[in-house]
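Trainee: Counting from -5, one number per residue, gives the positions in the sequence shown under the numbering used here.
Ideal placement from N, C-alpha and C gives every residue a C-beta, glycine not left out.
Keep in mind it's a predicted model, so treat the numbers as computed, not measured.
Sharing a structure below in structure tokens format, with a few things to ask.
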Amino acid sequence: MSARKVIVTNNRIDRIVVVGGGTAGWMAAAAFSRYFDNGRRKIIVVESDAIGTVGVGEATIPAIKGFNAMLDIPENEFLRETRGTFKLGIEFVNWGRQGDRYIHPFGAFGTDLHGIPFHQLWLREHARGGGGDITDFSMSAAAAALGRFGRPAVGARPPVSEINYAFHFDATLYAAYLRRLAERQGAIRQEGRIVKVHRDGESGDVTSVELEGGRLVEGDLFLDCSGFRGLLIEDALETGYEDWSHWLPMDRAIAMPTANRSSPDPFTRATAHAAGWQWRIPLQHRTGNGHVFCSAFMQEDEAERILRDTVEGEELADPRLIRFTTGMRRKAWSHNVVSLGLSSGFIEPLESTSIHLVQNGIARLFGLFPEKDISPVERDEYNRGMREIYEDVRDFIILHYKATQRDDTEFWRSVRDMDIPASLARKMELWRLHGRVFRENAELFTLPSWVAVMLGQNVWPERYDPIADTLDENRVAQAMEKMRAGYRQTAQQLPPQEQFLRSANAW
Ligand code: FAD
């Protein structure tokens, strides 16, 4: 057999220009400078202090631990530097009905028995009049309810090993931390406002960006991290934006930090209001708050009044208004420009997914890293994957609105009655019949997340899966009781999160 050799090319991408130094820009610069900057290759970050960053984005999902680990960031140092806290999930207040409260915790509910999903066994118990609350069977929820935290050691056993967590942190401090890391790894920061984008007359690819004063920054590949505006992907390449506001009509947020009134809780709170919802994100040094609302149903001054009336501590800065349109860029990658972060799209922060979408884009680009003659097939693959994850997140967020029983305002009636994407309608119907959840492809939100939101918002299946009947009811009830006690007792033994952070030298 004649061996065919893999070709060595001189077609390598040597200059990556990152446009923008917000969270997205410095995440990309830190990741690419670690793996790609080996002497000849250059990573250049262009940012403008005069323009600044969006400056919000403080809650994350557990996958961020993988990003930090990839960069060898020690967790305690990271928490100290970003004034971070732990996040065990999100507490939702007033979503199903006014007065309702539930937690969407990270991690699983209970332990599957003989391959039968735990929630199906719980549904059967519930149908028999037992079972209690499903969140009694989550290690993260049990710890969150007591304000406690423990980091499972490597090789820890259940139930403590079932604690799953993410972080709250100061996004500006995170970007600054990543900048120091990226610069140590060889990334070069170029201060200045980009005033012009130059393109190749033939291919249409971007060749350089021009700064105020005329300086040109040339590159082979450009990462557009310029925020909502999409300086390259939209202003220059006119890629187009797919607007999803008919499903997610929120279009404004008012953000305002306050002083902590008590030791920080290890969870985010999302409280529904008349035409939107309010976040509360406790950090070490302050609490981040914001009211996300729909301007078609609420005026800005009213939204601000609601925020100011309901925050807990002293106001630390003036409220700041941010406008947005929910949706995504038609192509995240066009020509030799890959958009990351707000320039590639935005879905309201109800499940804290934006920073994850940046991380996901970076990981995907690692997997499909091009050469100078970019293959359309590989670029299409990137765009297909990004679309998939954006649509998955979109559907999961829509669920929170669609699955409401609230009818106290026109806003809630309109979202309750709206048409939803077919992909979500199918999932809701599968749940309605037998409480089944099917995760498609590498969908971000897994079974426990769907179970938490469905049950938390009073969406009950008509029946449980008949497979649950193959197990003896009394033995299952006993096993469940043991699990419940295990979670409760373990949570009681954990330290309050502040104590944990201080003893780990992370505060
Ligand atoms: P930006 O922070 O806007 O950065 C843009 C950069 O581009 C800046 O450095 C700017 O100087 C530069 N730039 C722009 N134009 C030019 C120019 N002409 N010349 C030179 N430089 C330029 N995400 C989460 O994961 N969790 C959350 O809880 C969360 N909450 C959010 C709440 C709200 C209300 C909003 C709007 C977003 C939230 N996000 C959240 C998203 C998160 O803030 C962003 O995904 C993240 O900060 C990334 O932003 P970015 O870097 O894309 O853009």
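With three or more beta-carbon pairs closer than 8 Å as the criterion, would you say the region 215 to 222 touches the region 301 to 313?
Mentor: Touching, no, given that fewer than three Cβ pairs across the two stretches are closer than 8 Å.
Trainee: Assuming E75 and L172 are in contact, meaning their beta carbons sit under 8 Å apart, how far apart are those beta carbons, in whole angstroms?
Mentor: Their Cβ separation, rounded to whole angstroms, is 10 Å, which puts E75 and L172 out of contact at 8 Å.
Trainee: Would the beta-carbon of Y481 fall within 8 Å of that of M64?
Mentor: Cβ distance not < 8 Å, so Y481 and M64 don't count as in contact.
Trainee: Measure from the alpha carbon of E306 to the alpha carbon of each residue in P276, A160 and F318, then state which is nearest.
Mentor: Nearest of P276, A160 and F318 to E306, Cα basis: P276.
Trainee: Which complete beta strand (DSSP E) runs does the region 244 to 282 hold, if anything under 3 residues is left out?
Mentor: Here the runs fully enclosed are 246 to 252, 262 to 267 and 270 to 276.
Trainee: Candidates H279, W238 and L438: which alpha carbon is nearest S256's?
Mentor: When each option's Cα is compared against that of S256, the closest is H279.
Trainee: Go through its chain and collect everything with a Cβ distance to L239's Cβ below 8 Å, but skip five positions before and after it.
Mentor: Before going on, a small fix: residue 239 reads as Ser here, not Leu. Answer for S239: D245, T319, T320 and G321, listed in chain order.
Trainee: Please report the straight-line C-alpha distance between S443 and P99, rounded to a whole angstrom.
Mentor: Straight-line Cα distance between these residues: approximately 8 Å.
Trainee: Report the rounded CA-to-CA distance for D66 versus I157, giving the unit in angstroms.
Mentor: The straight-line gap from Cα to Cα measures roughly 22 Å.
Trainee: Give me the Cα-Cα distance between N435 and L393, rounded to the nearest whole angstrom.
Mentor: Roughly 19 Å separates the two Cα atoms.
Trainee: Please work out which residues of its chain come closer than 6 Å, Cβ to Cβ, to R317, disregarding the five sequence neighbours upstream and downstream, and give them in chain order.
Mentor: Counting only Cβ-Cβ distances below 6 Å, and skipping sequence neighbours, we find R246.
Trainee: From I323 to A479, what does the alpha carbon distance come to, in whole angstroms?
Mentor: With the sequence shown as reference, residue 323 is identified as Arg, and Ile is not the correct amino acid for it. Using only the alpha carbons, I get a separation of about 48 Å.
Trainee: Please go through the same chain and pick out, in chain order, the residues whose beta-carbon is closer than 6 Å to the beta-carbon of T47, but skip the five residues on each side of it.
Mentor: These residues qualify, in order along the chain: G16.
Trainee: Given this structure, state the Cα-to-Cα distance separating V332 from F340, to the nearest angstrom.
Mentor: Roughly 15 Å between the two C-alpha positions.
Trainee: Using the Cα positions of E404 and V12, report the straight-line distance between them to the nearest angstrom.
Mentor: Their backbone Cα atoms lie some 43 Å apart in a straight line.
Trainee: Quick one: what's got a C-beta closer than 7 Å to A290's C-beta in the same chain, skipping five residues either side?
Mentor: So the qualifying residues of the chain are P243.
Trainee: Are there any heavy atoms of the ligand FAD lying less than 7 Å away from the beta-carbon of A230, as far as the coordinates show?
Mentor: Every heavy atom of the ligand FAD is 7 Å or more from the Cβ of A230, so no.
Trainee: Using the DSSP secondary-structure output, state which residues sit across from G335 in a beta bridge.
Mentor: Partner(s): none; G335 has no beta bridge.
Trainee: Just tell me which of D411, G186 and N354 has its CA closest to the CA of L205.
Mentor: The option with the nearest alpha carbon to L205 is G186.
Trainee: Return yes when the C-beta of E204 is under 7 Å from any heavy atom of the ligand FAD, and no when it is not.
Mentor: No, the Cβ of E204 stays beyond 7 Å of every heavy atom of the ligand FAD.
Trainee: Compute the beta-carbon to beta-carbon distance between A137 and I58, rounded to the nearest angstrom, for a pair I have assumed lies under 8 Å.
Mentor: The Cβ separation is near 19 Å, so there is no contact.
Trainee: Just the C-alpha distance for R274 and F432, rounded to the nearest angstrom, thanks.
Mentor: C-alpha separation (whole angstroms): 31 Å.
Trainee: So which of K421, M412 and G234 has the shortest CA-CA distance to D386?
Mentor: Ranking the options by Cα distance to D386, first place goes to K421.
Trainee: Cβ-heavy atom distance between A24 and the ligand FAD below 7 Å?
Mentor: For the ligand FAD, not one heavy atom lies less than 7 Å from the Cβ of A24.
Trainee: Hey, quick one: how far does the alpha helix (DSSP H) through R118 stretch, first residue to last?
Mentor: Counting along the chain, the alpha helix (DSSP H) containing R118 begins and ends at F112 to A121.
Trainee: When you compare only the Cα positions, how much space is there between G284 and W327?
Mentor: One C-alpha to the other measures close to 31 Å.
Trainee: Assuming V40 contacts V200 under a Cβ cut-off of 8 Å, what Cβ separation, rounded to an integer in Å, is found between them?
Mentor: About 12 Å; that fails the 8 Å criterion.
Trainee: In chain order, what residues of the same chain have a beta carbon less than 7 Å from the beta carbon of E342, not counting five sequence neighbours either side?
Mentor: Once the five neighbours on either side are set aside, the close Cβ partners of E342 are L242, M244, V286, T320 and I391.
Trainee: Taking the continuous beta strand (DSSP E) assigned at R314, which residues delimit it?
Mentor: Unbroken beta strand (DSSP E) run through R314: R314 to R317.
Trainee: What separation, rounded to the nearest whole angstrom, lies between the Cα atoms of D164 and N354?
Mentor: If you take the alpha carbons of D164 and N354, they lie about 20 Å apart.
Trainee: Looking only at its chain, what residues have a beta carbon closer than 7 Å to the beta carbon of T440, apart from the 5 residues adjacent to it on each side?
Mentor: The answer, listed in chain order, is R433.
Trainee: Using only the alpha-carbon positions, how far apart do W501 and R77 sit?
Mentor: Looking at the two C-alpha atoms, the distance is approximately 7 Å.
Trainee: Just checking I341 against the ligand FAD - is the residue's beta carbon closer than 7 Å to any of the ligand's heavy atoms?
Mentor: Incorrect: I341 has no Cβ contact closer than 7 Å to the ligand FAD.
Trainee: With distances taken between CB atoms, is the gap from R426 to E456 smaller than 8 Å?
Mentor: For R426 and E456, yes; Cβs fall inside 8 Å.
Trainee: Cutting at 7 Å between CB atoms, please list the residues of its own chain near G19, excluding the five before and the five after it.
Mentor: Hits under 7 Å: V12, V39, E41 and C219.
Trainee: So if DSSP puts Q184 in a beta bridge, which residue, or which two residues, is it bridged to?
Mentor: Bridge partners of Q184: V40.
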